[in-house]
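Residue numbers (UniProt numbering): 1 to 1156. For glycine and all other residues, C-beta sits at the position ideal for the given N, C-alpha and C. Keep in mind that this is a model prediction, so the values were computed, not measured.
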Amino acid sequence: MYVRDRTTVIYSASDLSAAAQCEWALMRNLDGRLGRGGRVAATEDAMLRRTAELGDEHELRMLERLRTTRTVVEIERPAFADDPLVGVEQSEAALRAGAEALYQAAFFDGRFLGYADFIIRATDTSTYEVYDTKLARTAKVTALLQLAAYSDQLMRQGIPVGELVHVVLGDGRTSSHRLQDILPVYRQRRARLELLIDGRVAAGAPAEWNDPRYTACGRCEACDEQVRSHRDVLLVANLRLGQRAHLRMAGVTTIEQLALRFNPVEGLSGTALTALREQARVQTTTPAGGQPITWEVVNATALAALPEPDAGDIFFDFEGDPLYSETGTPSRENAPAEAESITWGLDYLFGLVEPDDTFHAYWAHSYAEERVALIEFLDWVQARRARHPNMHIYHYAPYERTHLLTLAARHGVGEQIVDDLLRSRVLIDLYPVVRQGLRIGSRSYSLKKLEPLYMGDDERSGVANAADSIAEYVRFRALLAAGETDAAASVLADIGRYNAYDCRSTLRLRDWLLARASESGVPLATALDLTLDVVLREPDPVYLELMALLVDVPPSERTPDQTALALASAAIDYHRREQKSFWWDHYARLSTPVDDWADTRGVLVIDSASVDLDWHRGGRQKLDRRLLRVSGTLAPGSSLKAGDQPFLVYGPPYPPITRSTDPGARTAHNKATIVEVTDTFEYLIEEILQAEAPHHDELPLALTPGTPPPAGTQVDAISDWGRTVLAEYPEPVADPAFDILRRSEPRRRSGSGLAAVIDGDVQTAIRDSLLSLDRSYLAVQGPPGTGKTYVGSRVVADLVLNHGWKVGVVAQSHATVENMLRAVLAAGLDPDRVGKKSRKGEEKLPVPWTALDTGSFARFTGQQGGFVVGGTAWDFSNAGRIPRGSLDLLVIDEAGQYSLASTIAAAVSAQRLLLLGDPQQLPQVSQGTHPEPVDTSALGWLSDGHNVLPSEFGYFLATSWRMHPAVCAPVSVLSYEGKLRSHGSDRTLAGVAPGLHPVPVDHRSNSTSSPEEAAAVVALVGEVLGRAWSSGGNTGPLEQENIIVVAPYNAQVELLRASLSEAGFGSVAVGTVDKFQGREAAVAIVSLAASSAAEVPRGLEFLLLANRLNVAISRAQWAAYLVYSPALTDYLPRKAAALAQLSAFITLVEPAPLVR
């Protein structure tokens, strides 16, 4: 940032980034430049300096590579005091002359000054694209804003700009992004920055803390100075900015005021306010009895998570350098130079101490040595466990646990050992014990802040923190490279002493906590208590064999066949990882603060619980049960329905039920079923008492996700398929699922391309392509209202009636399968040739097709001629129901939400696959973290980031029969690259313009419900009701049943229902978006409820998800209203995907030309 004549401020792309981080700090900096004081002297940061140096080296490597393939015009960067226009003129002249590439191209438009790393002309067009080099391993939003800034400057000059911008990442990969996914946000952020700068220049005094015009991060040095001097509530440990906003609205601004706040605060639950108040109280209380810090035991039971001490116990800590890198050599012959892979991050020290303070160090100075260190460490632990079966490994905070898993996965060694350490609860994290059991009078609960409690005179010296450790390690490597081995050894010894102190600190903390447990009379856990009740399958040998084929091939160098092999191996291990992830997350929820997992999908934090019917037993029931009524806050994106069996989570005092976790954690059981969900989102739950357990009066504090259904035959089906893949290696197996994994074009017997669509007859084209497939697949993407089910059912009926095909229909839900079966019947199939096993509990209900049971599958599928059989992945993976490869075709309906793993499991039943769906609608949710994206949907994998299915894989149904063209147009731009068109119809709604109508409503401090938006929705309903609605040749007044209202949160759904009922509109359908998939109405109204990004649970990524907005808006036949707070757009996301979502939302509500 430069200031000319104290009136004109010149800013750069870096200032845009700085404003995104903290507007307050940037304005303080500007005040200093304007001579008003206020600049905060930045602390020397060795890590930042090193990052900048490595970044410069990365940029120069890119320049050297570019010089080998292009003629590069290099622009010399002048000092700003000189004439910056010289570089600008040189850059523009080179661009207009058609230069192949520019380095450090300069831009200046009177306010913005910038220098682009690289601008490269596309080889196949005359357009230019901007490249930037960054050390990061993923493209950061601030880097993308810089790219947009330079692209915007090119547009201003009239230089043709390509569709993409690119970040050359630190690991050698190039991350490419659509400019239209960035420009809307960039332009908004630039306008915001200019508004801030102009206001500051016009002001006569320095900016004041809490000035509402500026956002503050609360963490940087400029903010921290003010937080301390103003005794701001941000001094309170674990207090979030959103909570601070609610407290300020209630007049609570200082930590002392918070310590005395007993009255309710709007926007904060009573539990949250109590926790914050008590934390503020203990931080403002003078330590008594000579204690260095005030502390108190608040939940002695949490201390019961501590095991009995054992002579084999160890206390463990990593030291790592995130900026260490190694460049790999491409393993494939003829790999391009740009394919070289760079791996970042090295754990250079695995340190541990024994109870007698003996220190052990496993050093690693390369990735090869890191692998050896991991193996030696795990071998040492295994040998020690053999001698001390009850030993434990203590650490503080989850890094050690998660990083052991990461290292084992990185090097492909020890994964089973690490899994066993976790399952057997050998690893003990002391952080949740401290957080759950004690309240500490410190702003931070970091290990170093707790040390005054127990380290006494044993104070730190030398290396003081992790950043110092890294800086010293870099100095060690430099000394070693310079041949100064003695000096290098001395530095390494200092690092070792720092790590040993951390390990010793963990040991002393454990002992201090044991003393607190003894004072509180808490019994310690035994080995039996600490064993987690989790049974996990061993890895499948086929999975291990497939993995071994790829061990020396970096992901960036894989061929399509190798990519398919990697996905195949991950699919075999898919269900084991899903189960493992579920149980690790479940047990973590029982031992960590509720706030840490309250926003997890499937969680209901209970605000109110009561007993409707106490313990009883009726009829032939053998176990006592009771009926609970609970209500509370359901995590965004969650849906609980009748029949679900969530875990009931109890805190102390615990009910007398069997507990399969350590005694210091909460307890939970899932002997419970939701029997009813009321219109006001009260949940009636039948809780069943375990055998012989006494009655109790305790009430649960939360509902959490229930146990995932067992994978059953899917596991064996995928494994059998994997054996076939392995047997055919190195040749690709001729198989539809493997073709999908390879992203190869559908294989046809004729060897020609797919059948052409003639005169719009896509149905015939799909049929003809299916008939010509050779053990392959066909994909069909059907956006909302395009007749996907109609077309699919007619194709299936044709194949069965005229070609005698045996066809299966599978989907994620029974309802989707049954919808397709009804359509097949409507297309003319005899009910005797359409079959499906009834849902559990509905066996006696009448159905329009042949009802199957376990024993009748063989008879039905063995009949002469064609048929259609519907079911789930459990049915089609079960060879006892559907023999392997016996079907001519398997239709996977809603394949945009059907995972690759499930696709493989079901595909073993058929010779061909028809993928029918739309990946632009609501995605499937996966529990686990997988090494390859096998949780991606089949259609999503083929689309590979494109919003529209590439034509070589199948067909895109491009005509919507539902939406008016004015509704279809924004949906098409939002989700379908502008390729979706409306057929048009005779529908009209008198006095209402067709299309999408943004309805901005100002409000503040609303999180999941907004009375202001509810009032706007009621007004909109009142405006359109009764107007003449013509559709299908019929005209009449628009009824309440012709309107649907969609909201993202149950709290807003409840408020909308109540508001509409009070206004006499109780028949208007209101619900979350998942309730309306497949539905349509003349008018759809969408209410987003949240006031701003700060109030949104789980972030705006959930709220503004394009898939969610697509489904909601596309319900409308004539008009869609999007009711929202304008402040939702006034923030900067942290991830590129969220940036694209926000840009799409801005385009929806503030349509403007892309190019100025």
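- Counted as a single uninterrupted DSSP element, the stretch harbouring residue 911 is not any alpha helix (DSSP H), since DSSP gives it neither H nor E.
- In the displayed model, residue 992 falls within coil according to three-state DSSP, outside both helix and strand.
- Within its own chain, the residues whose Cβ lies closer than 7 angstroms to the Cβ of residue 418, once the five positions on either side in sequence are excluded, are 404, 405, 408, listed in chain order.
- Sequence-distant partners of residue 772 (beyond 5 residues in either direction) whose C-beta falls short of 7 angstroms from its own C-beta, in its chain, are 748, 749, 750.
- Contact between residue 391 and residue 313 is confirmed by a C-beta separation of about 6 angstroms, below the 8 angstroms threshold.
- Closest by C-alpha distance to residue 730, out of 564, 696, 212, is 564.
- For residue 538, no beta strand (DSSP E) run applies, since DSSP gives it neither H nor E.
- In this structure residue 276 is in contact with residue 243, their Cβ atoms being roughly 7 angstroms apart against a cut-off of 8 angstroms.
- Around the CB of residue 1056, 16 or more other CB atoms lie within 10 Å, so the residue is classed as buried.
- Apart from sequence neighbours up to five positions away, the residues of its chain that approach residue 1145 with a beta-carbon distance below 6 angstroms are 1104, ordered along the chain.
- DSSP, read as helix, strand or coil, puts residue 757 in coil.
- Considering only 320, 1061, 1082, 1135, the residue with the shortest C-alpha distance to residue 1032 is 1082.
- Only residues of its own chain outside the window of five on either side were considered, and among them 282, 438, 439, 440, 441, 453 have a CB closer than 8 angstroms to the CB of residue 295, listed in chain order.
- With distances taken between CA atoms, residue 656 lies nearest to 690 out of 1021, 690, 1147, 286.
- In the three-state reduction of the DSSP assignment, residue 595 falls in the helix class.
- Counting of Cβ neighbours within 10 angstroms places residue 86 among the exposed residues, the total staying below 16.
- Annotation for residue 151: the continuous alpha helix (DSSP H) segment containing it runs 141-156.
- Around the beta carbon of residue 262, a 10 Å sphere encloses fewer than 16 other beta carbons of the protein chains shown; the residue is thus reported as exposed.
- In the structure shown, residue 197 falls within a helical segment according to DSSP collapsed to helix, strand and coil.
- Residue 1001 and residue 1013 do touch by the CB rule: their CB atoms are close to 5 angstroms apart, below 8 angstroms.
- 367 is the residue among 367, 353, 1006, 264 whose C-alpha sits nearest the C-alpha of residue 322.
- With respect to residue 916, residue 999 sits apart: the two C-beta atoms are not nearer than 8 angstroms.
- Residue 934 places its beta carbon 8 angstroms or farther from that of residue 719.
- Residue 812 sits in coil when the DSSP states are folded into three classes, being neither helix nor strand.
- Residue 134 sits buried, since 16 or more C-beta atoms from the chains shown fall within 10 Å of its C-beta.
- Looking at 176, 161, 110, the one whose alpha-carbon comes closest to that of residue 132 is 176.
- Collapsing the DSSP output to three states places residue 216 in coil.
- Within the same chain, 1018, 1021, 1022 come within 8 angstroms of residue 1063 by CB-CB distance, once the 5 residues on both sides are set aside.
- In the three-state reduction of the DSSP assignment, residue 1037 falls in the strand class.
- In this structure, the beta-carbon distance from residue 546 to residue 726 falls below 8 angstroms.
- Residue 141 is not a Cβ neighbour of residue 1037, given a cutoff of 8 angstroms.
- The Cβ-Cβ distance between residue 808 and residue 876 falls below 8 angstroms.
- Around the beta carbon of residue 1086, 16 or more other beta carbons lie within 10 angstroms, which makes this residue buried.
- Straight across, the Cα-Cα distance linking residue 16 with residue 894 is about 42 angstroms.
- The beta carbon of residue 1129 lies closer than 6 angstroms to those of 1146 in the same chain, with the five residues before and after it left out.
- Considered as a whole, the stretch 1024-1092 harbours 1050-1062 as its complete alpha helix (DSSP H) runs of no fewer than 4 residues, in chain order.
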